[in-house]
Amino acid sequence: MYRLQKAGHKQARPLDEKTAPAARTHGSLLDDLVDEDEVFERTVLKEHLEPKPPKTAAEPAVAETPVKAASPSGNLAAALPGLKHIDRIGVDDVILWLRKGIVWIVLAIILCVAGALTYASMTPPRYKAYTDIVVNPSNLNVVNDGVFSPNQQRDTQILEVESKLRTITSRNVLARVVDELKLDQDPEFISPPPLARLKAMFSSKPEDDDNRVGALRSLGDRVAAERDPRSFVVTLSVWTNDAEKSVTVSKAIVKAFESELFQTTSDSSQRVVDDLRKRLEEMRENVTIAEKRVADFRRENGLQENNGQLVSNLASGELNAQVLATQQRLIQEESRLKQMEAAIAQNRTQSDAIFDSQTMNTIRAQYSTLQQQIGAMTLTYGARHPRLATAGAERAMLERGMADEARRILQAAKINVAEARSSLDALRLKAVAERANVFTDNEAQVRLRDLERDARSAAAIYETYLTRSRQLAEQQSIDSTNVRVISQPVAPNSRSWPPGKLTFLIAGGMGGLFLGLGIAVALGLWGYLRRDDHADVAAR
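Structural data, given as structure tokens:
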């Protein structure tokens, strides 16, 4: 294709140019390109400017047709006549374009290499420091019931670690670092980019808050945190223009991160404590009101307790016990009285043990002694001895004494029976009356138990919340965050950006080469599309 087009150009030259020298002995490719373009323009102008022969009368007249508006595709075809023959582009055409655009290629390489070296020399170095942190999803188990309940599900633990990972680069943590290291006064963090500097020349002087915001944004762009997918280890990376400063900023971020986690837990505990304290005031009033209701109800109904039991119940129980004891005593006294009456009726007062008294025992002893004496005297002196008559008189007197004592004991027994019966009747009446009070008190006690349950439940809830409030208040001063640094940041030996000048030289050269090739091909293609002699060249 290349040779065919070149031959076509040679044939299209006029006769006066064919006698010109065939080639130049010296010059560049651009001179050849200019010569061929001039020849092409003269040829095309000659074809269009030569007068055409007039039409003969024999030629039929062409019917005039209305002119239609040109379509966009027609305009494009008219502007780029070579678009129809774009499929004829070959390797020779591309090589020709590259030969013609060698200047652009060299110029692009030179400019790209110069730009790369300029960027390498003007760009400040970046030193990146790395810190490995183990972020455990659950806090230390200082207390059994903390503010945050631990969760053993893996998905929840991963979300917890991701939340803490986001906290490392949060504005609160970075603001702590800016305030601690005074980065809002460090030119490295507050110096604006070139466009911002140009804009600042026509604006007012920035305030301190603007410097702080700028330092925050700059620090946020320099900090990155990533988590190992198979563990809870988080890698924090920080870069600055100085190696030692990178280490300092990295340590400050870790410290601020731990402080932020502790502050979060402390603030949560404080918020819960404040809410509990507000609620505790209401609970304390509820407990006081409930206990006052119990005391008022006891006083109004006369309910008294002793060792957890109503006094009326205790009194009723004691009266019932006294009634039983009195009944037993009455039965015993009546039985004893009957035995005495039977002994007197049967004249057994001398030997019956029912008649038991000190006087009776004395008389019985005297009577027994006298009986022994009478028996001995009868055996010694006979039945008619005068002493026996005297002894008989003494025996009769002792018998009358025992009979009198028996009647006295019988009378005392009757009195005891009457007293026991009277006491039993009185106790029964009192027990009946006390039993009625017990029924009334039991009915009141049912209501009292309801009031006591309300008071106990209110007091139990109040004590629980009070204990919880004090526990959380003490927890505020305890750092239970489970974050540990396993790799301290170390000052890097070499910069992370920009790379060496050799790398920039190679990258600039390659970039310029591709850019120059693209420009050369684009210019050649543009010239090819603008030409309209492709049909003539193909025909020749």
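In terms of full-length UniProt numbering, the sequence shown opens at residue 1 and continues consecutively.
No residue lacks a Cβ here, since even glycine has one placed at the ideal position from N, Cα and C.
What does the alpha-carbon distance come out to for the pair residue i and residue j?
i    : j    : result
E452 : N313 : 19 Å
T369 : E318 : 50 Å
A225 : V173 : 13 Å
L33  : G527 : Only weak support is given to the placement of L33: the predicted model assigns it a pLDDT of 40, under 50, and the question is left unresolved by the model.
D356 : G375 : 26 Å
Q185 : F262 : 28 Å
D210 : L183 : 12 Å
L466 : L280 : 7 Å
V483 : E258 : 7 Å
A520 : L513 : 11 Å
L472 : A215 : 37 Å
E394 : Q411 : 26 Å
E419 : R400 : 29 Å
I158 : R495 : 33 Å
T288 : R217 : 57 Å
R428 : T362 : 41 Å
E474 : E443 : 47 Å
L388 : S423 : 52 Å
D404 : M377 : 28 Å
S337 : A345 : Note that residue 337 corresponds to Leu in the displayed sequence, not to Ser. Whole-angstrom Cα-Cα distance: 12 Å.
G516 : N493 : 38 Å
R449 : A315 : 20 Å
D228 : V135 : 11 Å
P125 : D267 : 41 Å
A406 : I354 : 9 Å
D87  : A522 : 16 Å
A114 : T123 : 14 Å
L505 : A108 : 13 Å
A252 : P137 : 22 Å
I168 : E188 : 21 Å
C112 : A243 : 30 Å
T248 : V177 : 10 Å
T118 : I105 : 20 Å
S121 : I190 : 22 Å
V432 : T440 : 13 Å
L30  : G524 : Per-residue confidence for L30 stands at a pLDDT of 38, beneath the threshold of 50, marking its modelled position as unreliable; the derived number appears in the next sentence. The alpha-carbon atoms of L30 and G524 are separated by roughly 13 Å.
Q339 : I409 : 12 Å
R222 : S246 : 10 Å
Which first and last residues belong to the alpha helix (DSSP H) in which residue i is found?
i    : result
W239 : W239 -> not in any alpha helix (DSSP H); beta strand (DSSP E) instead, spanning V233 to T240.
A93  : Correcting the residue type first, residue 93 is Asp in the shown sequence and not Ala. It spans V91 to K100 - the alpha helix (DSSP H) in which D93 sits, taken as one unbroken run.
K414 : P386 to Q475
L174 : R171 to L181
P492 : Note, P492: premise wrong, no alpha helix (DSSP H); not H, not E.
I86  : First-last for I86: undefined, no H or E at that position.
I190 : P187 to I190
Going by DSSP, name the residue or residues bridged to residue i.
i    : result
E226 : T235
V134 : V233 and R484
A129 : V238
W497 : R126
If you follow the beta strand (DSSP E) that residue i is part of, which residue opens it and which one closes it?
i    : result
D356 : Careful: D356 lies outside any beta strand (DSSP E) and carries neither H nor E.
Mind the definition here: the stretch 88 to 97 touches the stretch 479 to 493 only if three or more C-beta pairs lie below 8 Å; say whether that holds.
no
Quick one: which unbroken alpha helix (DSSP H) runs of 4-plus residues sit fully inside the stretch 294 to 347? Chain order, please.
311 to 345
When you compare the stretch 498 to 505 with the stretch 271 to 283, are there three or more beta-carbon pairs, one atom per stretch, that lie closer than 8 Å?
no
Inter-stretch contact at 8 Å, needing at least 3 Cβ pairs: the stretch 297 to 304 / the stretch 410 to 422
no
If contact is defined by three or more beta carbon pairs under 8 Å, each pair taking one atom from either stretch, is the stretch 126 to 135 in contact with the stretch 237 to 252?
yes
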